[in-house]
RNA sequence: GGCGCCGUAGCCAAGUGGUAAGGCAGGAGUCUGCAAAACUCUGAUUCGGCGGUUCGAAUCCGCCCGGCGCCUCCA
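Residue numbers (this note's numbering): 3 to 401.
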């Protein structure tokens with residue numbers, strides 16, 4: 003399989019480092035809102051990667067975190083007058099229900115930041131010892147100057163980033179930073195906010211360190227695939243690399259960085275802060291999960307696209323065609339050969355998960371099966387191939 | 001301003017030098033008591049614009065126009 007690696011900006015041949023187990027970490031959600039199409043696109047994409055890796059015979063150890071404590075969730079909890087942890091639990095449950103309805107295989111480990119405090123503290127303490135982080139008033143900051151590679155992933159040079167952040171008056175409330183690009187690893191407790199004990203006093207973890215800690219704890223010092231939405235490249239993933247490599251002293255932290263492009267709606271990026279959300283559960287009220295998956299996957303994961311309200315509906319006929327084709331009895335005539343389609347489908351998937359091309363092949367394949375079955379041909383083998391291919395795309399109706 | 005992506009029929013879109021796939025929508029037809037479904041047929045002398053390279057360009061180069069994303073809330 004070839005996968006596009008954001009780190010090198012090219013497609014590279016992918017195989018797990020140990021030849022057997024794919025160690026995959028994908029940034030999960032901050033649970034203060036429910037699942038929208040951007041989330042769906044991201045997690046469906048990694049679901050296909052997950053399924054395809056298993057199809058290739060690898061084991062996949064898939065870890066997806068939950069950022070269940072941060073500024074946004076506390077703010078939202080105050081707004082709606084609900085305890086922050088209950089709000090989190092509720093949103094996590096909704097998220098899991100939505101992805102389950104979309105037939106997304108659950109990750110092997112689903113860690114929450116609040117349950118990973120010991121690992122986080124261990125990492126932060128080590129970074130402080132090594133001079134890669136510093137303590138100010140109970141806050142701990144990562145010293146970006148200690149990492150000459152900072153900015154490599156997002157391809158921003160440090161001078162530009164500094165100039166820009168200065169221009170924007172980055173964190174004007176925080177004169178304790180040595181450098182405006184330094185980011186927080188441990189945040190001292192604020193009044194009326196939850197906190198955990200630490201060597202630097204009560205507080206809570208910074209956003210970026212959580213992911214490095216969870217990836218390290220469950221997958222080890224080096225992972226095969228680190229995924230997430232493209233909006234996380236800077237500063238989140240850039241900072242993860244800096245912390246993780248500073249802590250483990252192994253490079254690279256992630257061999258492949260895979261980023262899913264943004265879903266737009268009404269001309270802008272679909273996002274919680276803009277509020278232009280189309281929720282999975284609303285769409286699934288009127289449409290099948292297969293149609294929604296096919297609609298999403300009819301776009302390549304690295305191309306951003308505009309979500310269209312009639313999108314899922316346009317794929318209902320195809321979902322039905324595929325379902326029907328896997329159930330046709332066929333006849334006792336000559337067997338239908340689908341070797342070409344089989345080859346075309348798996349070539350497409352192997353080429354950086356080209357699901358649009360793969361779906362086209364599936365459409366042709368199903369059409370041929372229907373015609374052949376009506377003509378009395380033996381379609382049992384073709385049906386099996388269709389079932390297998392549709393399984394890699396995670397469709398349910400074809401099982 | 002920096003970095004990255006994109007501009008092909010009404011919409012989505014394949015196509016990285018050899019003369020424009022496919023899907024959806026639309027139109028026509030078959031079938032049907034009517035309708036729906038299904039099936040068949042049907043659309044770009046042309047690929048944002050202007051130059052250049054070439055026997056030949058949607059594809060390569062330059063410039064221009066337009067759109068999008070990220071640049072410490074975000075999948």
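Cβ coordinates follow ideal geometry from the N, Cα and C atoms, glycine included.
Cβ contact check for the segment 239 to 247 and the segment 153 to 168: 3 or more pairs under 8 Å: As far as the Cβ criterion goes, the segment 239 to 247 touches the segment 153 to 168, which means the pair count is three or higher.
Thinking just about the alpha-carbon of each residue, which of 314, 367, 283, 360 is nearest to the one in residue 54? Closest option to residue 54, Cα to Cα, is 360.
Chain-order list of residues whose beta-carbon lies under 6 Å from that of residue 257 (same chain, five-residue window excluded): Cβ within range, chain order: 226.
Quick one: which unbroken beta strand (DSSP E) runs of 3-plus residues sit fully inside the segment 156 to 227? Chain order, please. Runs found: 185 to 190, 205 to 207.
Given residue 138, which residues of its chain have a CB within under 7 Å of its CB, disregarding the five upstream and five downstream residues? Closer than 7 Å at the Cβ level, and outside the excluded window around residue 138, lie 178.
My assumption, with CB atoms under 8 Å, is that residue 385 sits in contact with residue 330. Please give the rounded CB distance. Contact flag correct, Cβ pair sits at about 7 Å.
Own chain, CB closer than 7 Å to residue 22, minus 5 neighbours either side, in chain order: Shown here for residue 22: same chain residues with a beta carbon closer than 7 Å to its own, the five before and five after excluded, namely 60, 61 in chain order.
Taking the alpha-carbon positions, what's the residue 366 to residue 44 distance? Taking the straight line from one Cα to the other gives about 26 Å.
Does the beta-carbon distance from residue 126 to residue 183 come in below 7 Å? No. Outside cutoff.
Among 70, 134, 261, 273, nearest to residue 228 - alpha-carbon criterion: Among 70, 134, 261, 273, the Cα nearest to that of residue 228 belongs to 261.
The alpha helix (DSSP H) enclosing residue 53, as first and last residue numbers: Run containing residue 53: 39 to 57, per the alpha helix (DSSP H) assignment.
Buried versus exposed, by CB contacts within 10 Å (16 or more), residue 67: Buried.
If contacts are defined as beta-carbon pairs under 8 Å, then residue 263 and residue 313 qualify, I think. What distance do you get, rounded to the angstrom? Between residue 313 and residue 263 the Cβ distance is about 16 Å, and since that is not below 8 Å, they are no contact.
Whose CA, out of 27, 297, 377, lies closest to the CA of residue 216? Checking every option, the nearest Cα to that of residue 216 belongs to 27.
Which partner residues of residue 258 appear in the DSSP bridge assignment? In the DSSP secondary-structure assignment, residue 258 is bridged to 227.
Look up residue 114 in the DSSP assignment and say whether it is helix, strand or coil. Residue state, collapsed to three classes: strand.
Please determine, among 213, 122, 99, 353, the residue with the shortest C-alpha to C-alpha distance to residue 199. For residue 199, the closest alpha carbon among the candidates 213, 122, 99, 353 is that of 122.
Taking the C-alpha atoms as reference points, what is the distance between residue 116 and residue 31? Approximately 14 Å, taken between the alpha carbons.
In whole angstroms, what is the alpha-carbon distance linking residue 371 and residue 396? Near 20 Å, if we compare the C-alpha coordinates of residue 396 and residue 371.
State the CB to CB distance for the pair residue 103 and residue 315, rounded to an integer number of angstroms; the pair is presumed to be in contact (CB under 8 Å). Cβ-Cβ separation between residue 103 and residue 315: approximately 17 Å, too far for a contact (criterion under 8 Å).
Close beta carbons around residue 35, own chain, < 8 Å, minus the five adjacent residues each side: Result list for residue 35: 78, 93, 274, 279, in chain order.
Per-residue DSSP class, three states only, for residue 330: Coil, per DSSP.
Buried or exposed for residue 162, please, with buried defined as at least 16 other CB atoms from any protein chain shown within 10 angstroms of its CB. Exposed: under 16 other Cβ atoms inside 10 Å.
Using the DSSP secondary-structure output, state which residues sit across from residue 66 in a beta bridge. 28, per the DSSP bridge assignment.
Pairwise C-alpha distance: residue 235 and residue 208: Distance between the alpha carbons of residue 208 and residue 235: 16 Å.
Decide if residue 105 is buried, meaning its Cβ has at least 16 other Cβ atoms within 10 Å, or exposed. Counting the other Cβ atoms within 10 Å of the Cβ of residue 105 gives 16 or more, which makes it buried.
Grab me the residues of residue 336's own chain with a C-beta within less than 8 Å of its C-beta, minus the 5 sequence neighbours each way, in chain order. Scanning its chain for C-beta atoms nearer than 8 Å, with the 5 sequence neighbours on each side dropped, one finds around residue 336 the residues 379, 380, in chain order.
If residue 299 sits next to residue 50, beta carbons under 8 Å apart, how far is it from one beta carbon to the other, in whole angstroms? For residue 299 against residue 50, the beta-carbon gap comes to about 7 Å, under 8 Å, which counts as contact.
Inter-residue Cα distance where the pair is residue 20 and residue 389: Using only the alpha carbons, I get a separation of about 30 Å.
In angstroms, rounded to a whole number, what distance separates the CA positions of residue 174 and residue 344? Confidence at residue 174 is low in this model, with a pLDDT of 49, below 50, so its placement is unreliable and the value that follows should be read with caution. One Cα belongs to residue 174, the other to residue 344, and the distance between them is close to 58 Å.
Have a look at 73, 334, 40, 382 and flag the residue whose alpha-carbon is nearest the alpha-carbon of residue 195. Here the closest residue by C-alpha is 73.
Would residue 249 pass as a contact of residue 185 if the rule is Cβ separation under 7 Å? Not a contact, by the Cβ cut-off of 7 Å.
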